[in-house]
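In our numbering, the protein residues as written are 294 to 549.
For every residue, glycine included, the Cβ atom is placed at its ideal position computed from N, Cα and C.
The next block holds one structure in the form of structure tokens; read it before the comments.
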């Protein structure tokens, strides 16, 4: 593959937001070795970050370290670059070493003087979330729940964090607490039918049948378009799951 083809292929991956580590690495390493980073302009830094992550995925730590050196020279205090360094530590030294690294970064951050419940500000959010991810990966679920609960207390509008907290509770079969987390998601993103469907299925699992029925019907109302004529269109996508949920709820009502 020549340089022009590699650049075009990488541009397609960025446009489509595709995570194809092997393909990104194969194309990206051609660009990196020809050192045409000046041709990419400001996009070169995003390219280096993507290549570093792809290199970690395929086990080419040497390429990831070269990318990290260039990023660290340009952005020495960037939390994204520090997080990338932590990901390399996860691959090289193991999760416990990475956790210690993340903790040192959080404790040393100058924003710790800010008067917040955790003593941390938005600059540390990416590092904090990575720390939580590692805790979950190594099976320390209770610690992950504790840290994530503190996180959402500080960064309430982070929908992904609330979804992660709900998933953690569900993994421990604490469906009522998972449903409480999803209620915050619905407050923050009320127009997303996927979140409403997730709340419906969680409510059903928690045996809150009236609430499950309400959310299933809300999902159907949100995704079903009006058809032409007297015959409504056949349900598709998540509407099928929602209608199946209504059927399950109806069965529970008929056979208590």
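On the three-state DSSP scale, how would you describe residue i?
i	result
residue 321	helix
residue 528	coil
residue 371	coil
residue 516	helix
residue 432	coil
residue 484	coil
residue 450	coil
residue 353	coil
residue 335	coil
residue 313	coil
residue 359	helix
residue 546	helix
residue 467	coil
residue 386	coil
residue 500	coil
What's the call for residue i, buried or exposed, on a 16-neighbour Cβ count within 10 Å?
i	result
residue 547	exposed
residue 530	exposed
residue 535	buried
residue 422	buried
residue 355	exposed
residue 466	exposed
residue 400	exposed
residue 450	exposed
residue 377	buried
residue 468	buried
residue 420	buried
residue 382	buried
residue 340	buried
residue 254	One cannot answer for residue 254 here, as it falls past the ends of the chain, which runs 294 to 549.
residue 533	exposed
residue 537	exposed
residue 463	buried
With the cut-off set at 7 Å, would you say residue i and residue j are in Cβ contact?
i	j	result
residue 542	residue 505	yes
residue 459	residue 471	yes
residue 445	residue 486	no
residue 349	residue 391	no
residue 364	residue 351	no
residue 441	residue 431	no
residue 461	residue 438	yes
residue 512	residue 481	no
residue 508	residue 499	no
residue 394	residue 418	no
What I want to know is whether the C-beta of residue i ends up closer than 6 Å to one or more non-hydrogen atoms of the ligand HEM.
i	result
residue 317	Looking at this structure, you won't find the ligand HEM or any other ligand, since it has none at all.
Notebook entry, point to check: Hey, is the segment 316-330 in contact with the segment 341-348, meaning 3+ C-beta pairs nearer than 8 Å?
Noted result: yes
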